[in-house]
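Numbering (UniProt numbering), first residue to last: 1 to 846. To start, the structure under review is shown below, and the notes come after it.
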């Protein structure tokens, strides 16, 4: 049973040293102990050739849009759920008719209730993160006058955040990560609406499997109750009245994204569902607002095809009662279809009529009558109206209702009429060519009726209009493609990936220009041509185009001391390439000078950094590699003819999880540059440097933080510091594996002061005045529960252990009196061994 004594003693000695080393590392790397932090202000917008773009963000793939007036200012703001599990918030800085959405944060924050170190109720503010594929929905589920928040997620749970603020200033508290105990097959997407007319919100949920579930509310408007499938003789709650139903299934496609809209304007809600193939199903409600009955009418609604995942959102952007359509996609691009209501669009062709003067919610008859009065009444108005509606010459219109066939357009995407109109498609296409698009937009929605249709007997067509309405075949909706990038999200490297950024003023205009390395190996060059902010203009250099290099990681520096900026570039092969500047200090001309500088080879994925590390006034070389190491090469040449010699394979002693990307920046203002190191996991590590006189490059390194200021990228973070705004403070740029470039302005440092922690009171009432109430603890709130995805931003949140007695003689061991056990993996085999002391002074090893 006992293992070799000598081996045990040796391992105890080694283990003791390792433990002491680990303690030292942990103390120095504790982020909570950092006294000096910085206020990094995220920047989201920049210009490309003068046009403002949403430029410095993470990916917006799998966007789920919800428009909601979150601040009660009578216009709708925008929340966007993303594939990274987080929520972006756009404030409407326009108005209800002409919205202007500006990104405020891509990391929306919520509150968690817990207990502090003194076991008092406390609040913890944290970034909302549900893991992956966040799908937000807002509804006043408790009828208290403000909006609560629900978030679907990749794991199929629905997170519930109760609004304990008010309509002006919401404060969302996580109430539960599994709303009503409901669990789904994955990629849950909740939608709330009163679909059975009982004045209580019901719940629809789309899922990864393609099924769309409906849960009717068994409770009331103040207290919702949604019941999973249950035994009617033994329900989980006596108030359960409704069994859940599957109302749609998009198989063989997956990832059903439901959206409710009264498309045919008959007073009840129809259903559309986005699919994994980029198309949309349309389900017409042939029931009513009290008993919905959705029937599939089209599996290619409006002939829309986004090419992959698509998430439809209908919202009446300009408040004309005809909703616009927004599509989240598998990319960051959000597609926008504007709804041009047909009747007023036609009337806009008449110069003497202002179409905005009409109420689009009025009936066709009333709008036509009003237009006719402005055109001198009957019968004079019929001539002008006939021209506007495209009535063929020779076709006589005698009454206003004879214009109906030109107003109500057939929707050829509705499957039930495909055979009926197949013989008309050729004529319809010809009519489309004869009627140009005045706005210059692509009409991908409603079929334009041919002029020959107008020649048919008007009375017969009017008779069939009501029937066609009920079938969902004709409406006054007319979707026109307005934008394929509604939020103007751009990426400086296009579809390329793995961005590595460096900067320098290569044209001597006083502004920092940038180079971006990439996965394809192309190095993208941009000049900044504005004095305020950033306005990037791409410059093409032949030597920077794609060649045999991959994962290019450039650094701008005057390596040969001739006064202009050269480029040192890492690559996937682990070597260093030198691109020599044969131009001038104001007009660079880079040529490939050396494909393997000093025969350097660090394995793979070399990420170079140049700096005078030993104080001899020439540039030495630090190189990150795929193993997470930072390797030091000393320049034993001179300023004009560098020659790099390997000195240390693990400078500073740091090793990232992989793909280390070093940057130098003076963190603690002691005039000695410190290391900020990115890596595969996306976090940044901080290593301070206080060099001694002897061997200054190799000594004096201290690991300060492994998750420095909780800044995190999508992965493979590549930091770079540069004073872009010219305020004499270095700003922060980070490239990542998804091809994003993110940018923070340096808002200055702050020194942490020791303070007595005051417990913040939990807000339990939805009022502005009641701030001094007693804290209430609800059994329905899981005070200590924290999903894995949200653990990172929280600090010192306690976990209360629960112990259960199992046995009084563990492993049938008889160790003796006063046994003192400890479990630790002594022999490194991945299993915990047992060390136990006893009253005789023995130390037994099992």
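The C-beta atom is built at its ideal place from N, Cα and C for all residues, glycine as well.
Exposed is the label assigned to residue 542, since fewer than 16 other Cβ atoms lie within 10 Å of its Cβ. Judged by DSSP secondary structure, residue 404 falls within the alpha helix (DSSP H) whose first and last residues are 404-407.
Going by beta carbons, residue 603 and residue 625 fall inside the 9 Å limit. DSSP lists 743 as the beta-bridge partner residues of residue 43.
The C-beta distance from residue 711 to residue 684 rounds to 5 Å, short enough to meet the 8 Å contact threshold. In terms of CA proximity to residue 483, 327 leads the group 717, 164 and 327. Counting other Cβ atoms within 10 Å of its Cβ, residue 573 reaches 16 or more and is therefore classed as buried.
Rounded to the nearest whole angstrom, the C-alpha separation of residue 102 and residue 93 is 7 Å. Going by DSSP, residue 53 is part of the beta strand (DSSP E) stretching over 51-54. Residue pairing for residue 81: DSSP places it in a beta bridge opposite 64 and 87.
The closest CA to that of residue 219, considering only 748, 141 and 262, is found on 141.
Boundaries around residue 260 are those of the beta strand (DSSP E), 257-261, since no alpha helix (DSSP H) includes it.
Distance between residue 507 and residue 750, taken at the CA atoms: about 35 Å. Nearest Cα to residue 554 within the set 575, 815, 242 and 561: 575. DSSP places residue 181 within a helical segment (H, G or I) once states are collapsed to three. With respect to residue 686, residue 657 sits apart: the two C-beta atoms are not nearer than 9 Å.
Per the C-alpha coordinates, the member of 838, 731 and 835 positioned closest to residue 41 is 731. One Cα belongs to residue 521, the other to residue 335, and the distance between them is close to 30 Å. Assignment of residue 624 by DSSP, reduced to helix, strand and coil, places it in the strand class. Between residue 309 and residue 58, the beta carbon gap of about 17 Å keeps them out of contact (Cβ cut-off 8 Å). One alpha carbon belongs to residue 518, the other to residue 511, and they sit about 23 Å apart. Contiguous beta strand (DSSP E) elements confined to the stretch 473-522 occur at 479-483, 500-504 and 513-517, taking only those with 3 or more residues. If you draw a straight line from the Cα of residue 212 to the Cα of residue 205, it is about 6 Å long. Boundaries for residue 324: no alpha helix (DSSP H) harbours it, while the beta strand (DSSP E) harbouring it runs 324-329, taken from the DSSP string.
By the neighbour-count definition (other C-beta atoms within 10 Å, threshold 16), residue 261 is a buried residue. Distance between residue 592 and residue 600, taken at the CA atoms: about 16 Å.
Closest in alpha carbon position to residue 286, among 547, 203 and 296, is 296. By the CB criterion at 9 Å, residue 330 and residue 307 fall inside the cutoff. Secondary structure at residue 366: helix, using DSSP grouped into helix, strand and coil.
The C-beta of residue 694 has fewer than 16 other C-beta atoms within 10 Å across all chains shown, which makes the residue exposed. Separation of residue 526 and residue 565 (C-alpha to C-alpha, rounded to the nearest whole angstrom) is 15 Å.
When DSSP assignments are scanned along the stretch 169-214, the uninterrupted stretches of beta strand (DSSP E) that are 3 or more residues long and fall wholly within it turn out to be 172-176, 189-193 and 202-206.
Note that the C-beta distance between residue 340 and residue 96 is not below 9 Å. The stretch 349-359 makes no contact with the stretch 395-411; the number of CB pairs closer than 8 Å stays below 3. In terms of Cα proximity to residue 144, the closest of 111, 258, 727 and 163 is 163. In this structure residue 121 is in contact with residue 115, their Cβ atoms being roughly 6 Å apart against a cut-off of 8 Å.
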